[in-house]
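Read the structure below first, then the notes.
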Amino acid sequence: MKKLMCFLTVVLIVLSSVSFSAGADTADRESSDKAAAANDSDEKVVNVYNWGEYIAPGDDGGINVIAEFEKQTGIKVNYTNFETNEEMYNVLVNSNSSYDVIVPSDYMVSRLREEGRLLKIDFNNVPNFKNVDERFRKGEYDPTGEYSVAFTWGFVAMVYNTTMVDGEELSGFRDLWERRGQHDVVMFNNSRDAMAIAMQVCDPPIDPGSKNFSEEDIERATDKLVELKENGSLNRYVMDQVFAEMEGDHSAMAAYYAGDIATMMDNNENLDYVLPEEGSNLFVDALCIPDCCKHKKNAEAFINFMCDPEIAAANAEYIYYGTPVKAALELMDEEYIENELINPPEEYRDKCYTFTNMDDKSYALMQENFIKACTGKANIGAKSAVLVILGIVVLITIVLIILDIRRAIKNRGRINKL
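Read left to right, the sequence shown gives residues 9 to 426 (my numbering).
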């Protein structure tokens with residue numbers, strides 16, 4: 009019964025995490041109403057929720073982006089960081105926190121948009137949008153281009169320590185699984201990126217860019233991540249902690265965002281990189297206005313500021329990610345332009361895939377199974393769970409039958425004595 013209750017509890021948890029998309033008309037109507045309410049505030053403040061290490065602080069002699077925005081506009085910036093798209097999503101959905109600007113990745117933009125959790129941007133308040141390259145103005149994650157403005161773009165690569173690993177022997181993500189017994193590989197601590205890499209090294213491979221994954225797909229990827237832990241390759245799952253691990257010579261290899269790898273290499277001459285032969289995730293992170301926004305015009309002022317060529321150039325050169333602001337490229341150093349961790353060769357980009365918003369069932373199952381992978385427990389899957397329950401039922405039935413037979417024998421003995 010305890011196992012049955014545990015199973016039912018897991019099912020309820022997964023079901024409770026599923027958010028169903030609002031209808032398009034309803035979402036648009038609610039978006040308009042919320043936008044009108046957000047514009048009512050005259051408070052000179054904007055609350056920004058962004059990735060860590062994702063905006064130039066000016067400590068390298070460049071522009072302090074937030075300070076410059078406050079100076080030019082008189083709007084105070086309250087700035088908060090998150091480490092994963094899923095963390096940001098949970099805060100937006102399950103807390104009373106209010107943000108005016110968020111920076112989700114493409115697939116999360118799609119999810120938030122489809123659920124009616126984003127406000128349409130008034131591009132009359134974002135005149136610098138004209139500086140954004142045409143190819144970044146719309147995407148599958150935002151087909152009409154009304155809910156987002158591309159902020160950065162990049163892809164996933166591998167970083168390794170040359171004092172611990174022979175780079176000549178490395179070719180792709182499969183090499184992460186070859187550090188058996190070394191406990192010196194660090195992996196993404198978010199389900200989408202970690203599962204995607206595991207899917208690519210499965211045999212046969214699974215397309216990480218799919219919109220719909222079968223239960224078997226997710227189980228196979230989960231088992232692959234469990235293998236990484238059980239064969240002694242894995243050190244731990246990390247996000248921003250990857251900087252300390254790799255720059256401090258504590259770990260030998262990691263899969264991570266290429267722009268951040270470029271930063272790590274600047275800080276540790278022992279580090280080098282590999283463009284995985286399998287290809288990798290090509291992503292866009294975008295500036296969006298969530299439906300909890302209370303200062304929409306201030307949010308649009310911030311977005312407009314980030315599209316200024318000088319600001320975009322300063323920020324991109326600091327974070328080492330690609331900038332969608334085409335005019336900014338003319339202001340940037342050749343070192344940035346020619347760095348293939350920032351601007352990979354066209355033939356490599358053709359090998360990459362993009363994430364799309366998954367169906368709710370796959371999304372919930374992936375979150376649940378990633379937790380199992382992190383704890384090193386292989387996913388038993390829904391079918392296996394049913395078999396376990398049936399086994400328990402059969403066992404209980406057999407025990408009850410045996411007890412009934414024993415009781416009958418005892419009773420027959422009493423009757424004979426009488």
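Think of the CB as a built atom: it goes at the ideal place given N, C-alpha and C, for glycine as much as any other residue.
Residue i versus the options, residue with shortest Cα-Cα distance
| i | options | result |
| --- | --- | --- |
| residue 297 | 290, 305, 291 | 305 |
| residue 144 | 293, 378, 346 | 293 |
| residue 276 | 163, 260, 288 | 260 |
| residue 265 | 242, 166, 377 | 166 |
| residue 73 | 333, 291, 322, 344 | 322 |
| residue 86 | 362, 239, 108, 346 | 108 |
| residue 457 | 377, 404, 367, 409 | In this structure the chain extends from 9 to 426, so residue 457 is not present and cannot be described. |
| residue 354 | 290, 271, 177 | 290 |
| residue 378 | 117, 313, 198 | 198 |
| residue 331 | 52, 62, 57 | 62 |
| residue 357 | 164, 256, 253, 295 | 164 |
| residue 147 | 161, 138, 139 | 161 |
| residue 320 | 333, 302, 375, 210 | 333 |
| residue 102 | 88, 113, 314, 125 | 125 |
| residue 325 | 88, 68, 59, 225 | 68 |
| residue 58 | 100, 281, 71, 76 | 100 |
| residue 316 | 382, 140, 176, 302 | 140 |
| residue 327 | 346, 175, 256, 270 | 270 |
| residue 188 | 118, 243, 409, 360 | 243 |
| residue 240 | 70, 193, 174 | 193 |
| residue 250 | 64, 91, 56, 75 | 91 |
| residue 138 | 224, 302, 311, 53 | 311 |
| residue 278 | 295, 110, 254, 299 | 254 |
| residue 54 | 274, 313, 207 | 313 |
| residue 151 | 121, 171, 169 | 121 |
| residue 202 | 129, 362, 232, 295 | 232 |
| residue 258 | 226, 168, 209 | 168 |
Secondary structure of residue i, DSSP reduced to three states
| i | result |
| --- | --- |
| residue 315 | coil |
| residue 219 | coil |
| residue 225 | helix |
| residue 380 | helix |
| residue 187 | coil |
| residue 55 | strand |
| residue 352 | coil |
| residue 288 | coil |
| residue 393 | Note that residue 393 scores 44 on pLDDT, short of 50, meaning its location in the model is unreliable; the coordinates nonetheless yield the value given after this. Helix. |
| residue 135 | helix |
| residue 168 | strand |
| residue 99 | helix |
| residue 179 | coil |
| residue 89 | strand |
| residue 283 | coil |
| residue 157 | strand |
| residue 257 | coil |
| residue 410 | helix |
| residue 173 | coil |
| residue 273 | helix |
| residue 323 | helix |
| residue 214 | coil |
| residue 34 | Below a pLDDT of 50, predicted positions are generally treated as unreliable, and residue 34, at 46, falls in that range; the measurement from the model is reported next regardless. Residue 34 falls in the helix class under three-state DSSP. |
| residue 306 | helix |
| residue 3 | Given that the chain is displayed from residue 9 to residue 426, the structure contains no residue 3 and the question cannot be resolved. |
| residue 118 | helix |
Residue i beta carbon near the ligand ATP (any heavy atom closer than 8 angstroms)
| i | result |
| --- | --- |
| residue 334 | Among the ligands in the structure shown, none appear at all, so the ligand ATP cannot be discussed. |
Per DSSP, cross-strand counterpart(s) of residue i
| i | result |
| --- | --- |
| residue 150 | 147 |
| residue 65 | 72 |
| residue 195 | 245 |
| residue 110 | 57, 296 |
| residue 163 | 290 |
| residue 263 | 166 |
| residue 361 | 289 |
| residue 330 | 161 |
| residue 126 | 298 |
| residue 140 | 333 |
| residue 84 | 53 |
**Asked** Between the segment 121-136 and the segment 153-169, do three or more beta carbon pairs fall short of 8 angstroms?
**Response** yes
_Three Cβ pairs or more, each shorter than 8 angstroms: is that satisfied between the segment 336-353 and the segment 77-96?_
no
Does the segment 365-381 come within contact of the segment 204-221, defined as at least 3 CB pairs closer than 8 angstroms?
yes
Report yes or no: do the segment 270-286 and the segment 175-186 share at least 3 C-beta pairs separated by less than 8 angstroms? yes
For the pair the segment 84-103 and the segment 343-361, tell me if three or more CB-CB distances fall below 8 angstroms.
no
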